[in-house]
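Peer 1:
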Amino acid sequence: MNILVLNVGSSSIKYTLFKNTKILFSNLIERIGEKKGKFKTHSLALKEIKTQLTLKNANIDVIGHRVVHGGKIKKPSKITNNIIKKLKKVAELAPLHEIPEIKVIELSHKLFPKQKQYAVFDTAFYHTLPNKAKIYGIPYKFFRAGIQKFGFHGLSHKYVSQKLKGKTITCHLGSGCSITAIKNKKAIDTSLGFTPLEGLVMGTRSGSLDPAIIPYLIKHQKLSLKQIDQLLNRKSGLLGISGISNDLRDLLKNKNPRAKLAVEIFIYKITQYIGSYTATLNGLDNLVF
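Each residue of the sequence shown is one higher than the one before, counting from 754 in this note's numbering.
1) Measure the alpha-carbon distance for Thr881 versus Asn1039 and round it to whole angstroms.
2) Per the DSSP calculation, Leu819 is bridged to which residue(s)?
3) Which first and last residues belong to the beta strand (DSSP E) in which Thr933 is found?
4) Where does Tyr1021 sit, in a helix, a strand or coil, going by DSSP?
5) For Ile1018, I'd like the list of residues in its chain whose CB is within less than 8 Å of its CB, leaving aside the five on either flank, ordered along the chain.
6) Taking contact to mean 3 or more Cβ pairs, one atom from each stretch, closer than 8 Å, check whether the region 883-896 and the region 920-928 are in contact.
7) Provide the residue span of the alpha helix (DSSP H) that contains Lys800, from first to last.
8) What residues are listed by DSSP as bridge partners for Phe771?
9) Pull up the distance between the alpha-carbon of Gln901 and that of Phe947, whole angstroms please.
10) Among Leu984, Gln1025 and Leu991, which has the Cα closest to the Cα of Arg1011?
11) How is Thr943 classed by DSSP in three states: helix, strand or coil?
12) Across which residues does DSSP place Leu1041 in a beta bridge pair?
As structure tokens, then:
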């Protein structure tokens, strides 16, 4: 059986064609939507992938999609109209990822109409989080309403957890970043939260900040909620601090003081979480980047 796996990131698509468990070929399209990127949208990138597969005369039986936010869905699921509706309901919680993922899923059904398509969810790994880790310090009624830490990048962290024994901290560092504390192959805590905005400083995302900053920006900077959403998700992080780039590779090459500052803050936040999770685990056997 030939299986095409599509891993859609906020600014990338990695695609791999398997024959059972053997990799036939794999490739990565990066910097989607960026000035230095070749493709303005994920849809255009997917069409290029389709072209490349056609040129290789690739036979595809099944397509698997990595999806960032599955809400309460715990298991891999065949993609139906009902599944797509559920994904659209939680899309606002992970807009940088979920929106392009849904577009890729819908376009994929048009480009590959005969293939069965399935989704696996990054959030599924974190259904084991204890209440003390996933409940926020706001009235309990909001937890009952579904506001809790979901966690993301679960497929990446789970893969590593299955390879190692003992107390493990895994660091997934890319355009989006997360750190997870793992014990007995189960997630104990993770840096990303209700949305993929919490936690570390990322490419364009702010990471955790004082919640009072938001009403302050509304009152004193006259920003709308939509503008704040754009600010925190697309104009902050490494890009916002440096004013140069959201890509760590660009900043490491740049001698501008703000580029250096952005890198220093990025590293500082990572070390904070590693230290915190080492204490949470009461020790550490494995640290994985």
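Backbone N, C-alpha and C fix where the C-beta goes; we use that ideal spot for every residue, glycine too.
In this text, all values refer to a predicted model and were calculated from it rather than measured experimentally.
Peer 2: A quick look at the data gives this:
1) Taking the sequence shown and counting its residues from 1, the one referred to as residue 881 is at position 128. Taking the sequence shown and counting its residues from 1, the one referred to as residue 1039 is at position 286. Just so you know, the alpha carbons of Thr881 and Asn1039 end up roughly 20 Å apart.
2) Position 66 of the sequence shown, counted from the first residue, corresponds to residue 819. First, the residue type needs correcting, since residue 819 is Arg and not Leu in the sequence shown. According to DSSP, Arg819 bridges with Asn760 and Val873.
3) On the sequence shown, position 180 is the one that residue 933 refers to. It spans Cys930 to Lys936 - the beta strand (DSSP E) in which Thr933 sits, taken as one unbroken run.
4) Translated into the one-based positions of the sequence shown, residue 1021 becomes position 268. Here Tyr1021 sits in helix by DSSP.
5) Translated into the one-based positions of the sequence shown, residue 1018 becomes position 265. If you ignore the 5 residues before and after Ile1018, its C-beta comes within less than 8 Å of the C-beta of Val954 and Ile994, all in its own chain and listed in chain order.
6) Output reads no: the region 920-928 does not touch the region 883-896.
7) Stepping through the sequence shown from its first residue, residue 800 is reached at position 47. It spans His795 to Leu808 - the alpha helix (DSSP H) in which Lys800 sits, taken as one unbroken run.
8) As a working mapping, residue 771 is identified with position 18 in the sequence shown. Listed as beta-bridge partners of Phe771 by DSSP are Ile756 and Ile776.
9) As a position in the sequence shown, residue 901 is number 148, starting the count at 1. As a position in the sequence shown, residue 947 is number 194, starting the count at 1. The straight-line gap from Cα to Cα measures roughly 5 Å.
10) One-based indexing of the sequence shown puts residue 1011 at position 258. Out of Leu984, Gln1025 and Leu991, the CA that lies nearest to the CA of Arg1011 is found in Leu991.
11) To locate residue 943, count along the sequence shown from 1; it is residue 190. Three-state DSSP puts Thr943 in a strand.
12) In the sequence shown, residue 1041 corresponds to position 288, counting from 1. According to the sequence provided, residue 1041 is Val. The question's Leu does not apply to it. DSSP, once it has assigned bridges, lists Thr923 as partnering Val1041.
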